[in-house]
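Participant:
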Amino acid sequence: MSFLESDIVYNPPTHPYVSIVHRDDDILVVDKPSGLLSVPGRHPSLSDSLATRIQKESPHAKMINRLDKDTSGLVLISLNKKAHAHIAKQFEERTTKKSYIAIVWGHIEENEGMIDLPLAIDPDNKPRHRVDHTHGKPAQTQWRIVERLQTQATRMQLTPLTGRTHQLRVHMKSTGHVILGDSLYAEGKALDAADRLMLHAETLAFHHPQGDEMTFTAPCPF
167 MSFLESDIVY NPPTHPYVSI VHRDDDILVV DKPSGLLSVP GRHPSLSDSL ATRIQKESPH
227 AKMINRLDKD TSGLVLISLN KKAHAHIAKQ FEERTTKKSY IAIVWGHIEE NEGMIDLPLA
287 IDPDNKPRHR VDHTHGKPAQ TQWRIVERLQ TQATRMQLTP LTGRTHQLRV HMKSTGHVIL
347 GDSLYAEGKA LDAADRLMLH AETLAFHHPQ GDEMTFTAPC PF
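Just so we're aligned, residue 167 is where the sequence shown starts under my numbering, counting upward by one.
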């Protein structure tokens, strides 16, 4: 069974319509809310997205990185071709730095660690991905505990060293500590424990096209 775009109930948030963290002649840094697509889907009902909202005022704007619909946080957008090429290369070469905050199911004994498991699309359950030691692409995530909550949950900082689709979501599920509210990977109490995916892109660092190293933070909303 696979999920069809036409089956998705899509009610993207509109307040604020766009939350701009930084803007200059070359780039936009935007704090995307949970529930809003980064780019439009193929089905007409999925036309509203962060990209289309930005392009209404900046037609040449182009997404440099993306977040899953239900993930909130920092997204970087170029305003010209030169800026896009300059920063996209940093993402390709993994010289950018980014970190996420997540709340996961259960308590974790260790304080920090590394998940190194290859990932691939799950062909029978698209758009889900899975750990796949035969066909998967390498994926690494560093993690550390921020707080063990009184409820059956843990607040964590996750630092992806690679950029695979659903990487953080699948890696956490593989440890037995799925992210709360994850409609694709959580079940039962872990799914019902939150009204959204508890994953937020909190920090992003890169070199600006003009040469300066820049770091941005979007405070976690949960």
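Ideal placement from N, C-alpha and C gives every residue a C-beta, glycine not left out. It should be emphasised that the depicted structure is a prediction, and the values quoted were computed from it without experimental measurement.
1. Since residue 253 contacts residue 230 with CB under 8 angstroms, what's their CB separation in whole angstroms?
2. Whole-angstrom Cβ separation of residue 214 and residue 182, contact assumed at under 8 angstroms?
3. Using alpha carbons as the reference points, say which of 283, 384 and 308 lies closest to residue 297.
4. Ordered along the chain, which non-local residues of its own chain (more than five positions away) have a Cβ less than 6 angstroms from that of residue 352?
5. Are the Cβ atoms of residue 278 and residue 309 separated by less than 9 angstroms?
6. Please state whether DSSP places residue 200 in a helix, a strand or coil.
7. Please report the straight-line C-alpha distance between residue 317 and residue 359, rounded to a whole angstrom.
8. At the level of alpha carbons, what is the spacing between residue 204 and residue 355?
9. Return the CA-CA distance between residue 363 and residue 382, expressed in angstroms with no decimal places.
10. Quick test of your reading: residue 285 and residue 264, contact by CB under 8 angstroms. State the CB separation rounded to the nearest angstrom.
11. Which of the three DSSP states, helix, strand or coil, is assigned to residue 181?
12. For residue 385, which option in 212, 361, 238 and 218 has the closest C-alpha, if you only look at C-alpha atoms?
13. I'd like the list of long-range same chain contacts for residue 226, defined as Cβ closer than 7 angstroms, with 5 residues on each side in sequence excluded.
14. What alpha helix (DSSP H) runs, 4 residues minimum, are completely inside the segment 216-273?
15. So, for residue 217: in the same chain, excluding its five sequence neighbours on each side, which residues have a beta-carbon less than 6 angstroms away from its beta-carbon?
16. Could you check whether residue 311 and residue 325 sit closer than 9 angstroms to each other, using their CB atoms as the reference points?
17. In chain order, which continuous runs of the alpha helix (DSSP H) of length 4 or greater are located wholly inside the segment 310-363?
18. For residue 187, which option in 200, 241 and 222 has the closest C-alpha, if you only look at C-alpha atoms?
19. Tell me, to the nearest whole angstrom, how far the beta carbon of residue 194 is from that of residue 243; I am working on the premise that it is less than 8 angstroms.
20. Tell me the DSSP secondary structure of residue 285 in three-state form.
21. Give me the Cβ distance between residue 281 and residue 340, rounded to the nearest whole Å; I'm assuming they're in contact under 8 angstroms.
22. In terms of alpha-carbon separation, which member of 258, 329, 224 and 209 lies closest to residue 191?
Facilitator: In terms of the structure at hand:
1. 5 angstroms
2. Their Cβ separation, rounded to whole angstroms, is 14 angstroms, which puts residue 214 and residue 182 out of contact at 8 angstroms.
3. 283
4. 344
5. yes
6. coil
7. 10 angstroms
8. 28 angstroms
9. 22 angstroms
10. 17 angstroms between Cβ atoms; not a contact.
11. coil
12. 238
13. 245 and 246
14. 216-221 and 247-258
15. 205 and 229
16. no
17. 333-340 and 354-358
18. 241
19. 4 angstroms
20. strand
21. 7 angstroms
22. 224
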